[in-house]
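J.: This is the structure I want to talk about, given as structure tokens.
There are 2 protein chains.
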Amino acid sequence: MRQLEQRILEDGRVLPGEVLKVDGFLNHQVDPDLMFAIGSEFAYLFRGEGITKILTVESSGIAPAVMTGLQLHVPVVFARKHKSVTLIDDLFTAEVYSYTKKTSNQISIAKKFLSADDKVLIIDDFLANGQAVQGLFEICDQAKAEIAGAGMVIEKVFQTGHQMIKDRGVRLESLAQITSFEGNQVHFASETTD
Amino acid sequence: MRQLEQRILEDGRVLPGEVLKVDGFLNHQVDPDLMFAIGSEFAYLFRGEGITKILTVESSGIAPAVMTGLQLHVPVVFARKHKSVTLIDDLFTAEVYSYTKKTSNQISIAKKFLSADDKVLIIDDFLANGQAVQGLFEICDQAKAEIAGAGMVIEKVFQTGHQMIKDRGVRLESLAQITSFEGNQVHFASETTD
Chain Z
2 MRQLEQRILE DGRVLPGEVL KVDGFLNHQV DPDLMFAIGS EFAYLFRGEG
52 ITKILTVESS GIAPAVMTGL QLHVPVVFAR KHKSVTLIDD LFTAEVYSYT
102 KKTSNQISIA KKFLSADDKV LIIDDFLANG QAVQGLFEIC DQAKAEIAGA
152 GMVIEKVFQT GHQMIKDRGV RLESLAQITS FEGNQVHFAS ETTD
Chain W
2 MRQLEQRILE DGRVLPGEVL KVDGFLNHQV DPDLMFAIGS EFAYLFRGEG
52 ITKILTVESS GIAPAVMTGL QLHVPVVFAR KHKSVTLIDD LFTAEVYSYT
102 KKTSNQISIA KKFLSADDKV LIIDDFLANG QAVQGLFEIC DQAKAEIAGA
152 GMVIEKVFQT GHQMIKDRGV RLESLAQITS FEGNQVHFAS ETTD
């Protein structure tokens with residue numbers, strides 16, 4: 002998605018450890034018009050899949066997920082993060098390790114909001130090691146919900162999340178695919194395909 | 002806002018301690034079309050105020066805030082919640098006590114996203130004791146930003162947040178004003194004014 006790549010080049014900052022900081026438009030300050038364009042793109046890409054529900058994880062996934070839900074006219078459920086939850090009967094839960102924060106969290110979704118009748122689209126802001134997506138897969142499995150696809154705003158294709166989703170046989174659409182960093186420079190997969 | 006009140010009557014549940022649970026459309030599962038309608042209403046109400054930025058607090062404020070930002074075409078910044086942050090130079094921070102969770106959190110906003118040039122609209126999902134709004138007021142004061150208004154999706158007018166905002170002289174617009182609970186019944190201010 003050209004508009005998104007352009008914005009990453011203008012406002013993103015590359016930090017040590019191959020971290021891309023996009024807090025100016027995606028995960029602290031949010032550009033609602035760009036989020037709407039992102040939602041349009043996901044809604045277009047997954048329009049034929051019979052999606053009944055969008056899942057994401059708080060907090061940075063919410064804006065792109067809700068904009069996609071607006072254009073597919075389906076509800077969005079955002080998983081809550083907790084340090085740990087004692088077993089609660091009415092929740093689906095999964096463990097998610099964050100490589101950037103070096104902490105483990107549980108994520109949870111109330112059982113009443115996900116069922117075997119659902120065809121789920123997973124939306125998130127970033128795909129790197131895919132821990133959050135893996136956690137949402139586990140929650141979908143617990144609910145016996147069908148996973149129709151995963152839509153990632155920004156993907157670092159050289160990390161393990163990409164392959165994890167492919168291995169599971171889930172359709173993956175990422176709107177900006179980063180292939181490498183060179184100093185402060187960001188390279189996209191589209192550079193070689195355009 | 003009639004559509005919102007209707008939805009509260011259909012899907013909300015009153016829990017002990019005058020807690021209204023609206024996790025079916027606002028703060029766990031989210032109805033994007035309703036959020037868009039809420040954003041339209043806030044954008045209409047505050048259209049003449051010269052708003053330059055919307056502030057909210059993660060996570061439940063994000064969906065209504067981003068939908069308002071979409072229709073006012075201004076950026077949204079969501080404050081991050083932390084257990085506590087060691088003093089960090091580049092953050093505005095405030096302490097927020099949650100009566101429902103009985104825990105204290107710090108909220109923070111990066112200094113680069115808020116300045117004395119901003120006219121701020123604060124959006125949040127719930128106004129009860131107003132602790133989150135108070136925290137955002139403190140952050141605006143630190144930034145010397147002007148507070149143009151506060152837009153609350155649901156307000157419990159009988160709790161202290163309403164008066165706190167009025168005392169500060171800030172314009173307050175709440176889309177559903179709850180005046181009392183009677184068992185499982187919810188009463189709105191609009192019942193007496195319509």
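If you're matching them up, the sequences are chains Z and W in order. So the first sequence is numbered by this note's numbering: it starts at 2 and just counts up by one. So the second sequence is numbered by this note's numbering: it starts at 2 and just counts up by one. Each residue gets a CB set at the ideal place from its N, CA and C atoms; glycine is no exception.
(1) Consider the Cβ of Glu59/Z: report whether some Cβ of chain W lies at a distance smaller than 8 Å.
(2) I need the boundaries of the beta strand (DSSP E) containing Arg8/Z, first residue and last residue.
(3) Mind reading off the beta-carbon distance from Val134/W to Gln30/Z? Whole number of angstroms is fine, and I expect it under 8 Å.
(4) Under a CB-based cut-off of 8 Å, is Ile148/W close to chain Z?
(5) I'd like to confirm something about Ile9/W: is its beta-carbon nearer than 7 Å to some heavy atom of the ligand PLP, or not?
(6) Name the residues in the stretch 19–41 of chain W whose C-beta lies less than 7 Å from a C-beta of chain Z; which are they?
(7) Could you tell me the alpha carbon to alpha carbon distance between Lys84/Z and Ser99/Z, rounded to whole angstroms?
(8) Hey, is Phe47/W's beta-carbon within less than 8 Å of any beta-carbon in chain Z?
(9) Just to confirm the assignment, what range does the alpha helix (DSSP H) spanning Phe114/Z have?
(10) Buried or exposed: where does Glu42/W fall if 16 or more other Cβ atoms within 10 Å of its Cβ makes it buried?
(11) At a Cβ threshold of 8 Å, is His188/Z touching chain W?
(12) Closest to Leu35/Z by C-alpha separation, out of Thr180/Z, Ala66/Z, Arg14/Z and Val20/Z, would be which residue?
(13) By the three-class DSSP mapping on this structure, what secondary structure does Tyr100/Z have?
(14) Looking only at its chain, what residues have a beta carbon closer than 7 Å to the beta carbon of Ala64/Z, apart from the 5 residues adjacent to it on each side?
(15) Report the start-end ranges of each alpha helix (DSSP H) in the stretch 102–174 of chain W that is 4 residues or longer and not cut off at the edges.
(16) Pull up the DSSP beta-bridge partners for Leu21/Z, would you.
(17) Comparing alpha-carbon positions, which option in Tyr45/W, Met68/W and Ser109/W lies nearest Lys82/W?
(18) List the residues of chain Z that Pro76/W touches, going by C-beta distances under 9 Å, in chain order.
(19) Comparing C-alpha positions only, which one of Ala144/W, Ile9/W and Arg14/W sits nearest to Lys120/W?
(20) Find the nearest neighbour of Tyr45/Z within the set Phe159/Z, Asn28/Z, Gly152/Z and Ser181/Z, judged by alpha-carbon distance.
(21) Terminal residues of the continuous alpha helix (DSSP H) containing Ala38/Z?
(22) Tell me where the beta strand (DSSP E) around Ala80/W begins and ends.
(23) Alpha carbon to alpha carbon, how far is Lys102/W from Arg169/W?
(24) What in chain W is Cβ-close to Val67/Z, meaning under 7 Å?
(25) Specify whether the stretch 13–24 of chain W and the stretch 176–188 of chain W touch according to this definition: at least 3 beta carbon pairs, one from each stretch, less than 8 Å apart.
(26) Tell me, which residues are paired with Ile179/Z by DSSP?
(27) So, is Gln132/Z buried or exposed, given that buried needs 16 or more other C-beta atoms within 10 angstroms?
(28) Compute the beta-carbon to beta-carbon distance between Val187/Z and Leu10/Z, rounded to the nearest angstrom, for a pair I have assumed lies under 8 Å.
(29) For Phe26/Z, which residues does DSSP report across the bridge?
(30) Closest to Asp24/W by C-alpha separation, out of Asp126/W, Asn130/W and Lys157/W, would be which residue?
(31) Using alpha carbons as the reference points, say which of Phe189/Z, Gly70/Z, Thr161/Z and Ile123/Z lies closest to Leu137/Z.
(32) Taking beta-carbon pairs under 7 Å, can you tell me which members of the stretch 102–120 of chain Z lie near chain W?
(33) Can the beta-carbon of His74/W be found closer than 8 Å to that of Leu128/W?
T.: If we stick to the structure as given:
(1) Mapped onto the first sequence, residue 59/Z falls at position 58. Closer than 8 Å: yes.
(2) Here residue 8/Z refers to the residue found at position 7 of the first sequence. Premise fails: Arg8/Z lies in the alpha helix (DSSP H), Arg3 to Asp12, not in any beta strand (DSSP E).
(3) Counting from 1 along the second sequence, the entry for residue 134/W is found at position 133. Counting from 1 along the first sequence, the entry for residue 30/Z is found at position 29. That pair is no contact at about 19 Å.
(4) For the purposes of this step, residue 148/W is taken as residue 147 along the second sequence, with counting starting at 1. Interface annotation, Ile148/W: not in contact with chain Z, CB-CB separation never under 8 Å.
(5) The ligand PLP is not part of the structure shown, which contains no ligands of any sort.
(6) Shown in chain order are the members of the stretch 19–41 of chain W whose Cβ falls below 7 Å from a Cβ of chain Z: Asp24, His29, Gln30, Val31, Asp32, Pro33, Asp34, Met36 and Phe37.
(7) For the purposes of this step, residue 84/Z is identified with residue 83 of the first sequence, where counting begins at 1. For the purposes of this step, residue 99/Z is identified with residue 98 of the first sequence, where counting begins at 1. Cα-Cα distance, rounded: 12 Å.
(8) Counted from its first residue, the second sequence places residue 47/W at position 46. Using beta-carbon distances, Phe47/W does not count as an interface residue toward chain Z, since no partner is under 8 Å.
(9) Numbered from its first residue, the first sequence carries residue 114/Z at position 113. First-last for Phe114/Z: undefined, no H or E at that position.
(10) Locating residue 42/W in the second sequence gives position 41, counting from the first residue. Label assigned to Glu42/W: buried.
(11) The count along the first sequence starts at 1 and reaches residue 188/Z at position 187. With a threshold of 8 Å between beta carbons, His188/Z makes no contact with chain W.
(12) By one-based count along the first sequence, residue 35/Z stands at place 34. That would be Ala66/Z, whose Cα lies nearest to the Cα of Leu35/Z.
(13) Residue mapping note: residue 100/Z aligns to position 99 of the first sequence, counting from 1. Tyr100/Z carries a coil assignment under DSSP once its states are collapsed to helix, strand and coil.
(14) Walking along the first sequence from the start, residue 64/Z turns up at place 63. Closer than 7 Å at the Cβ level, and outside the excluded window around Ala64/Z, lie Val31 and Met36.
(15) Segments of the alpha helix (DSSP H) lying fully in the stretch 102–174 of chain W: 132–144 and 162–168.
(16) As a working mapping, residue 21/Z is identified with position 20 in the first sequence. In the DSSP output, where bridge partners are listed per residue, Leu21/Z has Val15/Z.
(17) Indexing the second sequence from 1 puts residue 82/W at position 81. Closest by alpha carbon: Ser109/W.
(18) To locate residue 76/W, count along the second sequence from 1; it is residue 75. Ordered by position in chain Z, the residues that pass the 9 Å Cβ test against Pro76/W are Gly25, Phe26, Gln30, Val31, Asp32 and Pro33.
(19) Residue numbering aside, residue 120/W sits at position 119 when the second sequence is read from its first letter. The shortest Cα separation from Lys120/W among Ala144/W, Ile9/W and Arg14/W belongs to Ala144/W.
(20) As a first step, residue 45/Z is located in the first sequence; it is residue number 44 there, counting from the start. Measuring from the Cα of Tyr45/Z, the nearest candidate turns out to be Gly152/Z.
(21) By one-based count along the first sequence, residue 38/Z stands at place 37. Counting along the chain, the alpha helix (DSSP H) containing Ala38/Z begins and ends at Pro33 to Leu46.
(22) On the second sequence, residue 80/W is found 79 positions in, with the first residue counted as 1. Secondary structure note for Ala80/W: its beta strand (DSSP E) is the uninterrupted segment Val77 to His83.
(23) As a working note, residue 102/W is residue 101 in the second sequence. As a working note, residue 169/W is residue 168 in the second sequence. In this structure, the straight-line span from the alpha carbon of Lys102/W to that of Arg169/W is close to 26 Å.
(24) For the purposes of this step, residue 67/Z is identified with residue 66 of the first sequence, where counting begins at 1. At a C-beta separation below 7 Å, Val67/Z has these neighbours in chain W: Val31, Pro33, Met36, Ala64 and Val67.
(25) A contact exists between the stretch 13–24 of chain W and the stretch 176–188 of chain W.
(26) The residue you call residue 179/Z lines up with position 178 of the first sequence. Paired residues: Lys157/Z and Phe189/Z.
(27) Residue 132/Z sits at position 131 when you count from the first residue of the first sequence. With 16 or more other Cβ atoms within 10 Å, it is buried.
(28) What you label residue 187/Z is simply residue 186 of the first sequence in a count that begins at 1. What you label residue 10/Z is simply residue 9 of the first sequence in a count that begins at 1. Confirmed, about 6 Å.
(29) Here residue 26/Z refers to the residue found at position 25 of the first sequence. According to the DSSP secondary-structure assignment, Phe26/Z is paired through a beta bridge with no residue.
(30) The residue you call residue 24/W lines up with position 23 of the second sequence. Selected option, being the one with the closest Cα: Asp126/W.
(31) By 1-based counting over the first sequence, the position of residue 137/Z is 136. If you compare the alpha carbons of Phe189/Z, Gly70/Z, Thr161/Z and Ile123/Z with that of Leu137/Z, the shortest gap goes to Ile123/Z.
(32) Within the stretch 102–120 of chain Z, the residues whose Cβ lies closer than 7 Å to some Cβ of chain W are Ala111 and Phe114, listed in chain order.
(33) Locating residue 74/W in the second sequence gives position 73, counting from the first residue. Locating residue 128/W in the second sequence gives position 127, counting from the first residue. The Cβ atoms of His74/W and Leu128/W do not sit closer than 8 Å to each other.
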